[in-house]
Every structure is written in structure tokens, then in C-alpha cells.
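Undergrad:
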Amino acid sequence: MGDMCRIEEEKSEESVWRRRKNWGLRGLGLGLGLGGVMGLKGGNIIQHSRVEKFKNSMVSRSKMKLWMIRATTSVMLWICLVQLTALGESFGPRVLKGWPSCFSQDSGSGSSATVTGSASALDVKSAPEDVPARVLPPKRVYKNNGYLMVSCNGGLNQMRAAICDMVAIARHLNVTLIVPELDKASFWADPSEFQDIFDVDHFITSLRDEVRILKELPPRLKERVERGLFYTMPPISWSDISYYENQILPLIRKYKVVHLNRTDTRLANNGQPLELQKLRCRVNFSALKFTPQIEELGRKVIKLLRRKGPFIVLHLRYEMDMLAFSGCTQGCNQEEVDELTRMRYAYPWWKEKIINSDLKRKDGLCPLTPEETALTLRALDIDHNIQIYIAAGEIYGGERRLASLAAAYPNLVRKETLLDPLDLRFFQNHSSQMAALDYLVSLESDIFVPTYDGNMAKVVEGHRRYLEYKKTILLDRKLLVDLIDQYNMGSLTWDEFSAAVKESHSERMGNPVKRVVIPDRPKEEDYFYANPWECLQQPKEDDLLSNM
165 MGDMCRIEEE KSEESVWRRR KNWGLRGLGL GLGLGGVMGL KGGNIIQHSR
215 VEKFKNSMVS RSKMKLWMIR ATTSVMLWIC LVQLTALGES FGPRVLKGWP
265 SCFSQDSGSG SSATVTGSAS ALDVKSAPED VPARVLPPKR VYKNNGYLMV
315 SCNGGLNQMR AAICDMVAIA RHLNVTLIVP ELDKASFWAD PSEFQDIFDV
365 DHFITSLRDE VRILKELPPR LKERVERGLF YTMPPISWSD ISYYENQILP
415 LIRKYKVVHL NRTDTRLANN GQPLELQKLR CRVNFSALKF TPQIEELGRK
465 VIKLLRRKGP FIVLHLRYEM DMLAFSGCTQ GCNQEEVDEL TRMRYAYPWW
515 KEKIINSDLK RKDGLCPLTP EETALTLRAL DIDHNIQIYI AAGEIYGGER
565 RLASLAAAYP NLVRKETLLD PLDLRFFQNH SSQMAALDYL VSLESDIFVP
615 TYDGNMAKVV EGHRRYLEYK KTILLDRKLL VDLIDQYNMG SLTWDEFSAA
665 VKESHSERMG NPVKRVVIPD RPKEEDYFYA NPWECLQQPK EDDLLSNM
């Protein structure tokens, strides 16, 4: 027991000693803590500041490194883009699969190549979805001499030809062309803008290797024009390109902007540089595409006609405006004659007021009447069951004047009878858009027969020549009215009349023939757009001689 008590005491003393030792160490620690807290805290602050600086340095370096990577990548991408652009400039013309082969380029000018026709102006079938996108031609780089604004006048096809002329003039003068303004003040009062009828983006981009075209003037110049600070004038009709070079170009350089306020027949038919003539064709046959909406409706009309077989397009120009303008009143009653006369005097730009209708008709200067047209088609042995699409506005005199033609050819149709009214709702009161639809159908017809040689007749004739000389019956109106009068008076039998009509028109079917040139009388010579000989597939010499 005594030993055990001693052991317990020793353990107790050891325990007390250990506790004191621990307390002493804690006290020492406490003392150290109280005595050195300020020093430790200051050291921690210094160390923390150094860490923050290090972190900030690392972040800055990371940002700098990221910026350098981005900058280097941007430079490399820019270099690649420049290289690709250079390759496109060099090899672009060789891969222009979207362009007709007739417009392949030579020595930097896309308009200097030989032009050949294609079989169809408007494919009735929808384009396949896997056709690659058309490659744009490279931009032509040139020193811009100024800006050319133009206001076209007349109907659709008069304006169409004028636009072709203005593009050629702008290209020759090295100026920037502003998208032409269309006529809204003429008899038809059509409010359509350029982009309502033509595909304006295609027009601009397809000609970028020839001339710069803008939708509107740059802001600074636009403001000047709005304040009237520009030069406006009508150019002289049938002018040679040298007139524009010597008279118009100095004005453009002086005023920066020149506005041509009339554009009909302002460039001569003949004697122009070959590359300029071919550019006129390129604009007409390639750059001036109608809007997708018009072309889609055109395909629909053609499809409806093709379902029933071949068809003729008859451009029956027996409309009120034409009769009033020409003074031709054959077959009209006195009330209609008076109405047409009042209209002629109401338009001051129709200069000829007193007109002898009978003399003008005998000279072949009047459109054929519906009755004369029916006799002519029968004399030419046109099948009476064939579809005849009338490409025209409202026929003057209505159904009364169409009665004889409808009796001879019962399958008379018009866009208004083929299409649902809803299809034409956006075309109503837009005569130029209606004319565009007739233009497309006229190009695709098996035979095109104009009864008057107005602008549509001439431009369609030339376009059909370009489309591998599609058949166009060019009526000799002066001869026809004489033969018709003899037949009506009983001087000719039907067989004699028919034989004479067929013989006189055997070589008037749109055959290859060189344009007739009459120096100093441009109105009497062949119109360039009716027979753009320089742009057509040239026939063999023997074929040409047989048609002359």
C-alpha cells in the first residue's frame, strides 16, 4: 500500500510539473505574440503587396499575350484575304460560269468579246437548287471623272434602250452612273421605280467590271443636288460618242454632277467603237434582268400557253395613245376621231397636231387595224386554231374592233384571261410592269408579229435575233394596206391577195441581214436595237447573200 501511494504521488507531481511546463510555454507564446504582433502584421502586409503586384504583373502579361495573339491572327487573316482577292482578280474571268459564254473577256474589257445567242431568254423550268452561285466579275479600277444622273423618258422599251446607251456612255467617259430614274410623267403615268421592274442589284454587280454604278449619290453630293447645285441638260439626239467626250465630259469635270433629262435615241446607231456597241448589247441581253416576281409570273404564263401547244405573240399596237399620237383613225367613228384629236392636242410634247390619217396610212406609217391584221394572218396561212397571245394594253374600241380577229382566230388570249386577277393585283396601274410581262412572253413565242414598228417591236425583234434568229414576221405595212384595199375593192381575188402577201414577206422573217445605214438620216435607217449586228452570231456568207 505504501509503495502504491508513493507511485501515485510521483505520478501526481509529474502531472503537475507537466501542466506548469505547458502553461509556461503558452505564456511564452502569449508573450511572443503580444510583443511581436506588429512586426508579424507588417511583414504580412508587405508579403501580400508583393503577391498582389506579382498577380497584377501576371494578368497584364496574360492580357498582352492575348492581344498579341489576336493582332497576329488578324494580320494573317488580312494577308490571306488580300491574296485571295488578288487570285480572284487574276482568274475570276475564267470562272464566270454565271455569264453567258458570249461575254468572255479579252484584254481587260468584258465588252470586247464576240456575242452569240442562247436558245431561250427565260427558262420555263425552275433552276436546279445545286447550281453554284454566280461568280461576280472583278471590279474595274479607274479614275472617276464625276457622276452622271439620267432621267429616262417614254415607255418601258424606249427606256430600256436608253439605259443601255447611258451605261455605254458612262463607261466611255470613266464616270460613275447613278441608277437611272424612270419616266413617271408620260401618258402612262406609271409610278414604278427602276427596282420595281429590273433587278437592280444584278444590274450593278454584273457591270462592275465595266462601270461603277451607285443607287444614289454620295451624301455630300446628294445634298448639293437637293439644293440645285448641279448641271442639267438634254443631250442631242443620235449623237456620236465623240459628242459626249468633247461636250459632256468637260461639264462633268466642272460640275462633278451632270443630269441628262432626256435619254431617248441619244446615241447614234452606227459608227461607234466596236467595244461600245457590244457593251450596249451586254446591258440589254444580260444586265437588264426583270425582277424575280416579274420573271416568275412570265414563266407561269408561258407554261400555261405551252400546255396547249405552240403560240404566236401578236403585238397589236392599236391602243388609244398610239392612235392619238400617230393621228391614225382608220375604222374609227366620228366620236372616236374627236376623242383622239383632243388627246393629241392635250400633250404638248406630241409636236405633230394636224394629221391626214388616210395619207399617213398609205405611206405605211399607221399601225394595222385588228381587221387588217386578221386578213394578213389568214393570207400568210397562219393556222386558225393556233393560240394568239395579244401583247398590248387595252385595244381601242374594245370587243367591237376585235370581233373580226376573234372570228378568224378563236384562240385569242391575253394575260388578263390566262391569269387569276390575284396574280396581277400588284401590276395594276403599272403599265411598264405589264409591258415587262408581255416582253418575256414575246421572247419565248414561236412567232412574234408586231403590227407597228414601235419601241417594243424593235427591241423584241433585236432580242429574238440574238436568241438564234427566232422567227419574227416584219410586216410591210405600206404594201399590205395597198393589197388589202385592192382585195376589199374586188381588184384581187383571195388567192391572188394571199400569194402576194406571202411572196412579199418570204424574206421578212427576222433572217440574218446587215443593218441598213443611211448617213445623216438616223430616223430612216435600221435601229441598232432592232438589229444589233455587231453582237449576233454571224451567218455563213452564202446565207447572208441569199437574204440581201
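Numbering follows our numbering, in which position 213 of the sequence shown is assigned residue number 377; successive positions increment by one, without gaps. We put the beta carbon where it would ideally sit given N, CA and C, even for glycine.
1. Could you check if L378 is buried or exposed, using at least 16 other CB atoms within 10 Å of its CB as the buried criterion?
2. Going along the chain, which residues of its own chain have a beta-carbon closer than 7 Å to the beta-carbon of V389, five neighbours each way excluded?
3. Verify whether the separation of the beta carbon atoms of P344 and V375 is less than 7 Å.
4. Report the rounded CA-to-CA distance for S275 versus Q701, giving the unit in angstroms.
5. Less than 7 Å between the beta carbons of Y713 and V623, yes or no?
6. Look at the Cβ atom of L644, then the Cβ atom of T540, and state whether they are nearer than 7 Å.
7. Identify every residue that forms a DSSP beta bridge with F454.
8. When you compare only the Cα positions, how much space is there between G191 and I233?
9. Would you kindly work out how many angstroms separate the C-alpha atoms of L469 and Q551, rounded to a whole number?
10. Near A432, which residues of its chain fall below 7 Å by C-beta distance, leaving aside the five closest residues on each side in sequence?
11. Kindly indicate which three-state DSSP category Y553 falls into: helix, strand or coil?
12. Quick one: Cα of E688 to Cα of N619, how far?
13. Considering only the beta carbon of each residue, do I611 and I466 sit closer than 7 Å?
14. Below 8 Å on the Cβ atoms is my contact criterion, and I expect S595 with D354 to pass it. Report the Cβ-Cβ distance as a whole number of Å.
15. For L393 and Q322, I'd like the C-alpha separation in whole angstroms.
16. Below 8 Å, how does it come out for the stretch 324-331 and the stretch 443-456: are there three or more Cβ pairs, yes or no?
17. Cutting at 7 Å between CB atoms, please list the residues of its own chain near H713, excluding the five before and the five after it.
18. Give the straight-line distance between the Cα atoms of K579 and Y553, rounded to the nearest whole angstrom.
19. Could you name each continuous alpha helix (DSSP H) segment of 4 residues or more that falls completely within the stretch 461-542, going from the start of the chain to the end?
20. Residue range of the beta strand (DSSP E) that F661 falls in?
21. Using DSSP with H/G/I as helix, E/B as strand and the rest coil, what is F692?
22. Would W352 be called buried (16 or more neighbouring beta carbons within 10 Å of its own) or exposed?
23. Measure from the alpha carbon of L337 to the alpha carbon of each residue in S406, T455, S609, Y395, then state which is nearest.
24. Out of Q650, N448, A349, state which residue places its alpha-carbon closest to the alpha-carbon of N695.
25. Looking at N732: is its Cβ nearer than 7 Å to the Cβ of P399?
26. Is it buried or exposed, P456, if we count other Cβ atoms within 10 angstroms and call 16 or more buried?
27. Buried or exposed for T493, going by 16 or more other Cβ atoms inside 10 Å?
28. Does L194 pass the burial test, meaning 16 or more other C-beta atoms within 10 Å, or should it be called exposed?
29. Using DSSP with H/G/I as helix, E/B as strand and the rest coil, what is T636?
30. For M620, report the span of its alpha helix (DSSP H) as first-last.
31. In the DSSP assignment, find the beta strand (DSSP E) that holds V314 and state where it starts and stops.
32. Would you call the CB atoms of R641 and G528 closer than 7 Å?
TA: Here's the rundown:
1. exposed
2. Answer for V389: L381, V421, listed in chain order.
3. Taking 7 Å as the Cβ cut-off, P344 and V375 do not qualify as a contacting pair.
4. Residue confidence for S275 is low, a pLDDT of 37 falling below 50, so the modelled location carries little weight; the figure read from the coordinates is stated next. If you take the alpha carbons of S275 and Q701, they lie about 15 Å apart.
5. This structure cannot settle anything about residue 713, because the visible part of the chain is limited to 165 through 712.
6. yes
7. F362
8. With a pLDDT of 41 at G191, under the threshold of 50, the modelled position of this residue cannot be trusted, and the question is left open.
9. Roughly 8 Å between the two C-alpha positions.
10. Around A432: W402, S403, D404, P686.
11. strand
12. So the two alpha carbons sit approximately 14 Å from each other.
13. no
14. 5 Å
15. In a straight line, the C-alpha of L393 is about 29 Å away from that of Q322.
16. Touching, yes, given that three or more Cβ pairs across the two stretches are closer than 8 Å.
17. Residue coverage of the chain in this structure runs from 165 to 712, which leaves residue 713 outside it and unanswerable.
18. Straight-line Cα distance between these residues: approximately 8 Å.
19. Scanning the stretch 461-542 for uninterrupted alpha helix (DSSP H) segments of 4 residues or longer gives 484-490, 498-510, 521-526, listed from N- to C-terminal end.
20. Counting along the chain, no beta strand (DSSP E) covers F661; the unbroken alpha helix (DSSP H) around it starts and ends at 658-668.
21. helix
22. With 16 or more other Cβ atoms inside 10 Å of its own Cβ, W352 counts as buried.
23. S406
24. N448
25. In the structure displayed, the chain extends from 165 to 712; residue 732 sits before or after that span and is not available.
26. exposed
27. buried
28. Bear in mind that the predicted position of L194 carries a pLDDT of just 36, short of 50, making it too unreliable to give a figure here.
29. strand
30. 619-630
31. That run of the beta strand (DSSP E) goes 311-314.
32. yes
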